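First residue of the sequence shown: -19, per the numbering used here; consecutive thereafter. Glycine is no exception: its CB is placed at the ideal position from the N, C-alpha and C atoms. For clarity, every value in this text was computed on a predicted model and none was experimentally measured. Comments concern the structure below.
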Amino acid sequence: MDPATLAAWYSTAARDLPWRRTRDPWAILLSEVLLQQTQVARGLEYWSRLLVRFPTPAAMAEADLEEVMHLWQGAGYYARGRRLHDLARAVCDPEAPWGGLLPSPDTAEDVVSALQSLPGIGPYTAAAVASIAHDLPAAVVDGNVRRVVARQRASASPTDAEVQRAAARWMEAAVEAGVSPSVWNQAVMDLGATVCRPRGVRCSACPVQATCKSTLTEEGPESFPSPKPRRVTTEHLVAVVDIDEHGRPHLVQRPATGRFAGLWGPPMHDANSEEAKVAKASRTTAGHVTHLLSHRRLEVEVLLGKAALGRAPDAHPTSSLDDRVLALAMDHADL
Ligand code: SF4
């Protein structure tokens, strides 16, 4: 793949995103963390909101986790919000060498490793921040890069190590050709996101079609890479929504680790547990909610009962599953 050709394409075709107009590592980190599992349009909204309230790691470190989770509410994958708060506190720790900022070439010999030593930062995010904020030649590998590698080489099932090696080699070639690491990484990711798409691939608009082996195969580019088998397990749960005389539900805070950690919601139990049996004995069923997570399908039976004292849900961060459970219960509550 010719680096100069792809870089030239990127200079005119790059998506105009606000985090591409900054070199602030914190702003870039926020965008990367958000975009890992959130659509760009949605990510934009959350990115602006988080950055206005927390323009620096110190601003987030000083805030309560609950406030961070409130702003994160609706973005999904809540563990990310919690880890970001942990990270902000870690870089602001007076014992740490970071002085309230993310590791940079001024404070770390190996910026990528230093970033990875912080809570919630994996190889992808570390390489993205190091390259985009500091122009360091760290090759990123995400789903887009994996797809472009697989198609350029017509490789049906490249291993993670093979994709990483290919991406690193491309980065070396790009730097040798005088292309900035920041531009290179973003160009490959943009190619995967807008042209070399999983479905509806646009090879006729591709600047690097000349080197693409998948276009010469009988199966065609969209057969590469072959999909990874995905196992989805179903979990049956019971949500206990007890409502007080003012129409406010009884809410509990989820434990600090595990699913929806730190968020609030009605008590929820495994459908086969003793707690579920006891709860069912004295409540009616309002209905059922099906909720899909990445590898899990949650089937939730929503029970309705009476509470002595509830809480205002708006004042507590809740997950989208709990929002749906509460909405269903409210629709059936005899208020
Ligand atoms: S030619 Fe088609 S399949 Fe190959 S990299 Fe370009 S868009 Fe992807």
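Can you find a heavy atom of the ligand SF4 that lies under 7 Å from the Cβ of residue i?
i    : result
S97  : no
R133 : no
T195 : yes
P207 : no
P178 : no
P138 : no
C186 : yes
C72  : no
R149 : no
R304 : no
R33  : no
Find out if the Cβ-Cβ distance for the pair residue i, residue j is shorter than 8 Å.
i     : j      : result
G267  : R228   : no
V129  : P117   : no
V125  : A107   : no
R3    : A113   : yes
V121  : A(-13) : no
Y26   : F240   : no
V218  : E281   : yes
A41   : C72    : yes
A146  : P(-17) : no
D90   : S160   : no
E202  : R179   : yes
A76   : A68    : no
R(-5) : T174   : yes
Among the options, which has the Cα closest to the Cα of residue i?
i      : options                : result
T213   : S274, A219, E225       : S274
P293   : I223, R1, T265, T264   : I223
G242   : M248, R234, H249       : R234
R177   : E215, R127, G158       : R127
L(-3)  : S262, R69, V20         : V20
H226   : W244, R182, K286, T265 : K286
W(-11) : P209, C186, M310       : C186
A7     : V232, L31, L284        : L31
R131   : Q166, T191, A119, L9   : T191
R60    : R304, L10, E156, L301  : L10
L283   : Q16, A256, M169        : A256
Counting only the same chain and skipping the five closest in sequence on each side, list residues whose C-beta sits under 8 Å from that of residue i.
i    : result
D86  : none
P5   : L81, L82, S84, V109, A113, H114
S318 : No answer is possible for residue 318: the residues shown for the chain start at -19 and end at 315.
W244 : L231, V232, Q233, R234, R291, P293, H296, P297, T298, D302
R277 : V212, T213, T214, E215, T270, H271
Thinking residue i and residue j are a contact (beta carbons under 8 Å), I'd like their distance in whole angstroms, please.
i    : j    : result
L64  : G102 : 13 Å between Cβ atoms; not a contact.
E46  : P207 : Going by Cβ atoms, the distance from E46 to P207 rounds to 39 Å, so no, they are not a contact pair.
L51  : R33  : 6 Å
A136 : P209 : Wrong, their Cβ atoms sit about 13 Å apart, outside the cutoff.
V188 : T36  : With a Cβ gap of about 39 Å, V188 and T36 do not count as contacting.
Could you tell me if the beta carbon of residue i falls within a distance shorter than 7 Å of some heavy atom in the ligand ADP?
i    : result
V143 : Looking for the ligand ADP in the displayed structure turns up nothing; the ligands present are the ligand SF4.
Spatial neighbours of residue i within its chain, please: CB distance less than 6 Å, with the 5 preceding and 5 following residues excluded, ordered by chain position.
i    : result
T18  : A55
L98  : L67, A70
Q144 : V121
A309 : V221, A266, V282, L284
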